[in-house]
Structure formats: C-alpha cells, structure tokens
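Below you'll find the structure, written out as structure tokens, and then a few comments.
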Amino acid sequence: MKKNNKLLIKGMVCNRCITVLNEELSKLGLDISSINLGEVILKETNKTSVDEKTLKIVLQKNGFDLLYDKNEQLISQIKLVVERGINDQFETGNPVKFSKLISDELHRDYDTMSAIFSLTQGNTLEKFIIAEKMEKVKEFLVYSDKSLTEIANILGYSSVAYLSRQLKQLTGFDFAYYKKIRQDKLAVIAGSPYPAQ
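Here the sequence shown is numbered in numbering that gives the first Met the number 0, starting from 0 and rising by one per residue.
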C-alpha cells in the first residue's frame, strides 16, 4: 500500500460503518489516528504494512471501497461536509450557508465543485443538499418532539409551508404522516396494543 496516511473510503454512511471499519483495520494491524465517515487517517508510526489488494478485499467484504478518482474523492468530501453541516444545524440551531461552508472547508470554488457534482452524480448539489435535509427532517419528525416550525427555523426555511411542500415533493408524504409514525412508536413503547388514531 502507498505510504499515504489518509485513505478515502467509499460507502461509509453511518456510525456503524465507522465501528466496522475500525475493527477490520485493527485486525489487519493498522494503527488508526482518526476515523470519520469516508476517511481514515493512519498513524505516521504504523509498523504494519498491508498491500493494497488485501486492503481492498477487506473493504469490499464490508461494503466499502477505496476512492482513487479525484472527482470521486471530491464528491465524497462534499457529501461529508453537507452531512456535517446539517448535523451542526440541528445541534446549534444556526442555519448554514452550504455554498460558503463547502467552499471554505474544501478550499475550492463552489461553482466548480457544483458543476463536477452535477456531472458525476446526475443530480445538482442543491438537490442533494435538500434531499439530505429532508432525511434529517424525517428523522426528527419520527424520533424527536420537535415541531415542524422548530425544524424549519433550525434549517433556515423562510416558512413552514415551504419546508412542508419540499418534504411532500421529495417523499410523497406530508409531515403528519411522519408524526403518526412517531405516535405509533410511542404507543408501542407505552404498551398500548393499538396505534394512535
């Protein structure tokens, strides 16, 4: 394997992926400095050398792969920045201007990155950001007691109606559908044999 301390990994989508990859790379004897979604940084003092073929086999066995192509690497980094930005919005309650965030974090022109994203992904970066926001909205409607108004404010939407329209447009369901899922889950937890009406 190249003497590169940073590996960009395709297919990491959740914290469970981080745990799995950490375990698998440790089994190979690699000393990990840090591991995040899409990225593993190995310690400089790594004494173990693993050939690239072995590493690829272990990664692919677990649904991951190494990223080589510069555009693929860029897309992966953009997606990670977007995910972190959305998570930061929900943690801090402060809206994020994604064009600035992506540009600042990756030190590249946003319009250029957006064009590369569109060419390689078959979808615009803006639509990707909206889709990721809607995933987070669904998660919060089902697993938290935040109202749609609170969520709209956190995400920087000008109105609840606009957020609601985007949610319905992308998922086919309105916010009441996701709130009902939450009520049904709470009813099951409370021991009620019947879902909420």
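We put the beta carbon where it would ideally sit given N, CA and C, even for glycine.
Express the C-alpha separation of Gly190 and Ile115 in angstroms, rounding to a whole number.
51 angstroms
What are the boundary residues of the beta strand (DSSP E) that Ser32 is part of?
31-35
Please report the residue range of the alpha helix (DSSP H) in which Leu118 lies.
109-120
First and last residue of the beta strand (DSSP E) that includes Leu6?
5-9
On a Cα-Cα basis, can you pick out the residue from Phe174, Val49, Asp30 that is closest to Lys42?
Asp30
For Gln165, which residues in the same chain have their Cβ closer than 7 angstroms to its Cβ, ignoring the five residues on either side in sequence?
Ile129, Met133
Span of the beta strand (DSSP E) holding Val39?
38-41
Which stretch, first to last residue, makes up the alpha helix (DSSP H) that contains Gly84?
69-91
Using alpha carbons as the reference points, say which of Glu23, Gly92, Ser25, Leu36 lies closest to Lys9.
Leu36
Reducing DSSP to helix, strand and coil, say where Leu20 ends up.
helix
Would the region 177-187 count as touching the region 137-149 if we require 3 or more Cβ pairs under 8 angstroms?
yes
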